[in-house]
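Below is one structure; the comments refer to it alone.
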Amino acid sequence: MEVKIRQMGHDMGVVLSAALGLTVGDRYERHQMDDTLVLTPVHQELFANPADWVGFRNRIS
512 MEVKIRQMGH DMGVVLSAAL GLTVGDRYER HQMDDTLVLT PVHQELFANP
562 ADWVGFRNRI S
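Start counting the sequence shown at 512; every next residue gets the next number (our numbering).
Written out as structure tokens, the structure reads:
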């Protein structure tokens, strides 16, 4: 998905499609690797719910 950097007040930002299933107020960490930006969700207790990890290995391979 291509997005365009937009002026938002004194800051810049991008508009993300509702199809991504994000919710206003969701928290993400921004990482930068050279010219690539990566957003990762902030998880307070990453391993709190074991059901969240069912099938994880299959989804990433």
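Note that CB positions come from ideal geometry on N, CA and C, so glycine has one too.
- Item | Residue interval of the alpha helix (DSSP H) (run including residue 568) | Stepping through the sequence shown from its first residue, residue 568 is reached at position 57. First-last of the alpha helix (DSSP H) with residue 568: 567-571.
- Task: Might you give, ordered along the chain, the residues of its own chain that have their beta carbon closer than 6 Å to the beta carbon of residue 545, omitting 5 neighbours on each side?
- Result: Within the sequence shown, the letter at position 34 stands for residue 545. Excluding positions up to five away in sequence, the list is empty.
- Task: Give the straight-line distance between the Cα atoms of residue 523 and residue 550, rounded to the nearest whole angstrom.
- Result: The residue labelled residue 523 in the question sits at position 12 within the sequence shown. The residue labelled residue 550 in the question sits at position 39 within the sequence shown. Going by the C-alpha atoms only, they are around 16 Å apart.
- Item | Within the region 521-556, ranges of the alpha helix (DSSP H) (whole runs, at least 4 residues) | none
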